[in-house]
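**Q** My questions will all concern the structure given below.
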Amino acid sequence: MPFALATVLALSIGGVTVVSTAAQADDVPPPAPADVSSAPDEATAARIAVAQGHEVRVDAETTPTTTVSAQPDGTLQYEANTLPVRTQREGEWVAIDEALTADDSGMLAPKAAEVPVRFSSGGSNVLDQVQTDSG
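Quick note on numbering: our numbering labels position 90 of the sequence shown as 91, and the sequence is numbered without any gaps.
Printed below as a string of structure tokens:
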């Protein structure tokens with residue numbers, strides 16, 4: 002707990018007591034939170050959204066198909082999609098990008114997809130490959 006400083010001055014003049022208390026260190030408002038577009042939990046996202054005036058995504062509730070965002074008015078907004086619209090790459094959420102690019106082996110793969118898939122660029126190579134959770 003921060004150190005609190007309080008000074009009390011009491012004067013008695015003609016039956017009237019005047020009391021003065023210095024402001025305490027606990028009464029100092031905390032600094033405004035950093036301006037970011039996402040936060041780890043609802044409480045943090047809500048504080049940032051209200052302080053900064055824009056919506057803030059709640060990372061703990063983000064999935065490939067859903068998001069929860071804290072709004073500047075203090076409410077939460079839930080958004081759901083029937084198909085994945087984002088996927089995680091190296092711990093960060095990125096938008097699905099189905100544009101195909103060639104990998105080192107010549108196979109074509111989407112830039113960002115929820116399910117790892119590769120397609121043959123032609124010839125006698127395998128037609129496609131899909132990686133499942135079991136390998």
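Glycine included, C-beta positions come from ideal geometry on N, C-alpha and C.
In this text, all values refer to a predicted model and were calculated from it rather than measured experimentally.
Given a threshold of 16 other Cβ atoms within 10 Å of its Cβ, counted over all protein chains shown, does T67 qualify as buried or as exposed?
**A** That one is exposed.
**Q** Terminal residues of the continuous beta strand (DSSP E) containing T68?
**A** Note, T68: beta strand (DSSP E), T67 to A71.
**Q** Counting beta carbon pairs with one atom in the region 88-96 and one in the region 70-77, are three or more of them shorter than 8 Å?
**A** No, because fewer than three Cβ pairs between the region 70-77 and the region 88-96 fall closer than 8 Å, the two stretches do not touch.
**Q** Consult DSSP for E91 and reduce its assignment to one of helix, strand or coil.
**A** Coil at E91, not helix or strand.
**Q** Who does S121 pair with in a DSSP beta bridge?
**A** Partner(s): none; S121 has no beta bridge.
**Q** Quick one: is A81 buried, meaning 16 or more other Cβ sit within 10 Å of its Cβ, or exposed?
**A** With fewer than 16 other Cβ atoms within 10 Å, it is exposed.
**Q** Could you spell out where the alpha helix (DSSP H) holding V51 opens and where it closes?
**A** E43 to Q53 is the extent of the alpha helix (DSSP H) around V51.
**Q** Taking the Cβ atom as the reference point for each residue, do A46 and V57 lie within a distance shorter than 7 Å?
**A** Taking 7 Å as the Cβ cut-off, A46 and V57 qualify as a contacting pair.
**Q** If you drop the 5 nearest sequence neighbours on each side, which residues of the same chain put their C-beta closer than 6 Å to that of E99?
**A** Contacts found: P111.
**Q** Within its chain, find whatever has a CB closer than 6 Å to the CB of V69; leave out the 5 residues flanking it on each side and keep chain order.
**A** Taken in chain order, the residues that qualify are V59, E62, L77 and Y79.
**Q** With DSSP as the reference, label E56 as helix, strand or coil.
**A** Residue state, collapsed to three classes: coil.
**Q** Taking C-beta to C-beta, are V127 and V118 nearer than 7 Å?
**A** No, Cβ-Cβ distance for V127 and V118 is not below 7 Å.
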